[in-house]
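Q: Numbering (the numbering used here), first residue to last: 1 to 630.
Glycine included, C-beta positions come from ideal geometry on N, C-alpha and C.
1. Okay, do the stretch 408-425 and the stretch 472-479 touch, 3+ Cβ pairs below 8 Å being the bar?
2. Among 493, 534 and 514, which residue has its Cα nearest to the Cα of residue 336?
3. Between residue 490 and the rest of its own chain, which residues show a CB-CB distance below 6 Å, the 5 nearest in sequence each way excluded?
4. Quick check: residue 94 and residue 198, are their CB atoms within less than 8 Å of each other?
5. On the DSSP bridge assignment, give the partners of residue 115 in chain order.
6. What residue range is occupied by the uninterrupted alpha helix (DSSP H) comprising residue 427?
7. Alpha carbon to alpha carbon, how far is residue 200 from residue 118?
8. Are the Cβ atoms of residue 548 and residue 304 separated by less than 8 Å?
9. For a minimum of 4 consecutive residues, which ranges assigned as the alpha helix (DSSP H) are wholly contained in the stretch 485-525?
10. What are the start and end residues of the beta strand (DSSP E) that includes residue 300?
11. Does DSSP put residue 189 in a helix, in a strand, or in coil?
12. In angstroms, rounded to a whole number, what distance separates the CA positions of residue 466 and residue 162?
13. Kindly provide the ranges of any beta strand (DSSP E) runs that are 3 or more residues long and lie completely inside the stretch 358-384, ordered along the chain.
14. Between 217, 247, 351 and 246, which has its C-alpha nearest residue 234's C-alpha?
15. Please report how far the alpha carbon of residue 385 lies from the alpha carbon of residue 378, in whole angstroms.
16. Specify, as a first and last residue, the run of the beta strand (DSSP E) that residue 355 falls within.
17. Considering only C-alpha positions, which residue in the set 96, 65, 113 and 190 is nearest to residue 520?
18. Specify whether the stretch 556-576 and the stretch 385-403 touch according to this definition: at least 3 beta carbon pairs, one from each stretch, less than 8 Å apart.
19. Between 164, 442, 502 and 361, which lies nearest to residue 193 when the distance is taken from Cα to Cα?
20. Would the stretch 226-245 count as touching the stretch 168-188 if we require 3 or more Cβ pairs under 8 Å?
21. Taking the straight line between their C-alpha atoms, what separation do you get for residue 464 and residue 284?
22. What residue does the beta strand (DSSP E) around residue 290 start on, and which one ends it?
23. Report the residue from 361, 212, 132 and 342 whose alpha carbon sits nearest the alpha carbon of residue 417.
24. Report the option in 449, 306, 517 and 317 whose CA atom is closest to the CA atom of residue 370.
25. Please name the residue or residues paired with residue 402 in a DSSP beta bridge.
26. Is the stretch 442-453 touching the stretch 479-490, taking contact as three or more C-beta pairs under 8 Å?
27. Going by C-alpha distance, which of 187, 147, 186 and 160 is nearest residue 172?
28. I think residue 92 touches residue 459, with their Cβ atoms under 8 Å apart; what is that distance to the nearest whole Å?
29. Check whether the stretch 500-520 and the stretch 551-560 touch, using three or more Cβ-Cβ pairs below 8 Å as the test.
30. Going by DSSP, what residues sit across from residue 558 in a beta bridge?
31. With a threshold of 8 Å, are at least 3 pairs of Cβ atoms found where one atom belongs to the stretch 218-229 and the other to the stretch 250-264?
32. Apart from the five residues on each side of it in sequence, which residues of its chain come closer than 6 Å, Cβ to Cβ, to residue 26?
33. Let's test the definition: count the other Cβ atoms within 10 Å of the Cβ of residue 350 and tell me whether it reaches 16, buried, or not, exposed.
34. For the ligand ADP, is there a heavy atom less than 7 Å away from the beta-carbon of residue 138?
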């Protein structure tokens, strides 16, 4: 998922700190031999770490890893959360059926130790491990997984965040504690990539309304992941403690704290002062911030290809499944010619050079080049290259003529000024917004930047013309593709759907259904690329860049940490829990030696994942924050 999101991502999105939210996930790793180099760090998949670094004494002896984050929590309920921060927390507190290897993203066991399908691919049987226990001492079983999926299948509120994964499920049963059986309506290629947190039935079956329960009142939260969620204060912090009974082995830090900073410069300052040990930004550090940290004693900057895209989302005419319209998007943007003209007046090279200063690559398709199997580029004749003169002619042909003052006017004869939603905490939004004012101003179109701490409400209500958007993409792209299907629209304007920005296109939906049922990797990849091509042509989602993951951590606090992928990957926002689970505390008695504290993993860039922040959940329309999906 990821959505989200700083608008991000679950996987979701998301990153979503951007205009609509949803989800995504993450994680990174260093090779087994390299990880064993120092302090006896276990390899990412090793069942038991070879060293317990944290002291077992009182509070004064605890090792605490504090991560500065620039995103708030939308919900601590796995059934509702779509922001990258929130879904990352759920990766740490709940097991999924499967996980992704931090070395190269291939599927590895999670709560399920193995799986197999029937010859017709309609029945999948998972063997559930017998050595996973909930933090309250109860055994985790197949019944917990069956209950989680069945609840999502039968309760619309429980399907809010991850419903796309079970939409094709026909029946889910647990014939015994270690056997889970899923029967499908038709073949589904994502059965080894069901990015859904499995929750304890004996706790969650007491919930009355899944659409409103945020799981943020009673602590500690019962889970079976590497960490236990022990405390939370909105817009302040999220606190977790190491799960000493985690089946793969306990984390080496006793506590993990995600501390929220509204001001990114303040977060960087806190890293310098040693008030936090890791900072990732919103979602990345700016080039100036990264440059200011490089070379500083006891600080390491990780700059690696990211798993996110950065885009301009256009309001297509927001509506619900029942046909009712929503919001007040400008009607001129219903015309594909207008949307494409606007994008032809966006200089992506200037954005990469002047805003990201080289810490990104130019965007086009929906999936970043890091996922090479699904990465797509437009053909030369299809590409919307930067050409402001042609953009002006396209607007003329679309009927948006200039008045005597040189302003483009709509059908109502009024000068056009587009409202662009942006995140107040993201300096990139503001910088690029100023360029849009210049570029589109030359076309005769006005631009008003609406930079908010919370972009979710106007985004979900369809009260915007354009918005800065971004999602973290999972190794399997199904989730981030699903948020643009007609099925993801809200049932009514009063409800919240899984949609990113209200796109509903029958041709896209047909391609989505075909890729979901395709098991041949090459044929499925070809269908996914056709979907990206369709999104590109429609112009509702204009991908401008694939930003690097730029983050930093203190080497006198963290001796080593896993990046994902191992050779050049991110720490924050991984597809898994590897970074925080693997992190080794530095020897406080030897913090003056940069080389020893920084060098546990040879040839691997490290940096830590900032999960989280905190923030107020949206009680009424929590579903995808327009902030960080991912």
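A: Well, looking at it:
1. With a cut-off of 8 Å, the stretch 472-479 and the stretch 408-425 do not count as touching, because too few Cβ pairs lie within range.
2. Taking the first residue of the chain shown as 1, we reach residue 336 at position 336. When 493, 534 and 514 are compared, the shortest CA-CA separation from residue 336 is found for 534.
3. Locating residue 490 in the chain shown gives position 490, counting from the first residue. Correct list, in chain order: 320, 496 and 497.
4. Numbered from 1 along the chain shown, position 94 holds the residue referred to as residue 94. Numbered from 1 along the chain shown, position 198 holds the residue referred to as residue 198. In this structure, residue 198 lies closer than 8 Å to residue 94 by Cβ.
5. Here residue 115 refers to the residue found at position 115 when the chain shown is read from its first residue. Residue 115 pairs with 126.
6. Numbered from its first residue, the chain shown carries residue 427 at position 427. Segment 427-442, the alpha helix (DSSP H) holding residue 427.
7. Against the chain shown, residue 200 aligns to sequence position 200. Against the chain shown, residue 118 aligns to sequence position 118. So the two alpha carbons sit approximately 28 Å from each other.
8. Numbered from 1 along the chain shown, position 548 holds the residue referred to as residue 548. Numbered from 1 along the chain shown, position 304 holds the residue referred to as residue 304. Taking 8 Å as the Cβ cut-off, residue 548 and residue 304 qualify as a contacting pair.
9. Considered as a whole, the stretch 485-525 harbours 506-516 as its complete alpha helix (DSSP H) runs of no fewer than 4 residues, in chain order.
10. What you label residue 300 is simply residue 300 of the chain shown in a count that begins at 1. 299-305 is the extent of the beta strand (DSSP E) around residue 300.
11. For this step, residue 189 is matched to residue 189 along the chain shown. Taken through DSSP and simplified to helix, strand or coil, residue 189 comes out as coil.
12. For the purposes of this step, residue 466 is taken as the residue at position 466 of the chain shown. For the purposes of this step, residue 162 is taken as the residue at position 162 of the chain shown. Cα-Cα distance, rounded: 25 Å.
13. Fully enclosed beta strand (DSSP E) runs of 3 or longer: 360-362.
14. Indexing the chain shown from 1 puts residue 234 at position 234. Answer by Cα proximity: 217.
15. Locating residue 385 in the chain shown gives position 385, where the first residue counts as 1. Locating residue 378 in the chain shown gives position 378, where the first residue counts as 1. One Cα belongs to residue 385, the other to residue 378, and the distance between them is close to 10 Å.
16. Within the chain shown, the letter at position 355 stands for residue 355. For residue 355, no beta strand (DSSP E) segment is defined, and its DSSP state is neither H nor E.
17. Here the question's residue 520 lines up with position 520 in the chain shown. Cα-wise, what sits closest to residue 520 is 190.
18. Because the criterion of three Cβ pairs below 8 Å is not met, the stretch 556-576 and the stretch 385-403 do not touch.
19. Residue mapping note: residue 193 aligns to position 193 of the chain shown, counting from 1. Ranking the options by Cα distance to residue 193, first place goes to 164.
20. Output reads no: the stretch 168-188 does not touch the stretch 226-245.
21. Within the chain shown, residue 464 is the residue found at index 464, counting from 1. Within the chain shown, residue 284 is the residue found at index 284, counting from 1. In this model, residue 464 and residue 284 are separated by some 25 Å (Cα to Cα).
22. Indexing the chain shown from 1 puts residue 290 at position 290. Not the beta strand (DSSP E): residue 290 falls in the alpha helix (DSSP H), residues 287-293.
23. Locating residue 417 in the chain shown gives position 417, where the first residue counts as 1. For the set 361, 212, 132 and 342, the Cα lying nearest the Cα of residue 417 is the one of 342.
24. Taking the first residue of the chain shown as 1, we reach residue 370 at position 370. When only C-alpha atoms are compared, the closest one is 306.
25. Translated into positions along the chain shown, residue 402 becomes position 402. Beta-bridge pairing links residue 402 to 408.
26. By the Cβ criterion, the stretch 442-453 is not in contact with the stretch 479-490, since fewer than three pairs of Cβ atoms, one from each stretch, lie closer than 8 Å.
27. Sequence index remark: in the chain shown, residue 172 carries index 172 (1-based). In terms of Cα proximity to residue 172, the closest of 187, 147, 186 and 160 is 147.
28. On the chain shown, residue 92 is found 92 positions in, with the first residue counted as 1. On the chain shown, residue 459 is found 459 positions in, with the first residue counted as 1. Approximately 27 Å separates the beta-carbon atoms of residue 92 and residue 459; this is outside 8 Å, ruling out the contact.
29. With the cut-off at 8 Å, the stretch 500-520 and the stretch 551-560 do not touch.
30. Your numbering for residue 558 matches position 558 in the chain shown. Partner residues in the beta bridge of residue 558, as assigned by DSSP, are 585.
31. Contact between the stretch 218-229 and the stretch 250-264 is present: three or more C-beta pairs spanning the two stretches fall below 8 Å.
32. Position 26 of the chain shown, counted from the start, is the residue given in the question as residue 26. Summary for residue 26: the model assigns pLDDT 29, below 50, so the residue's position carries little reliability; its value from the coordinates is reported in the next sentence. Counting only residues of its own chain and dropping the five nearest sequence neighbours on each side, residue 26 has a CB closer than 6 Å to the CB of 573, 574 and 575.
33. In the chain shown, the residue the question calls residue 350 occupies position 350. Residue 350 is exposed by the Cβ-count criterion.
34. The model depicted lacks the ligand ADP and carries no ligand whatsoever.
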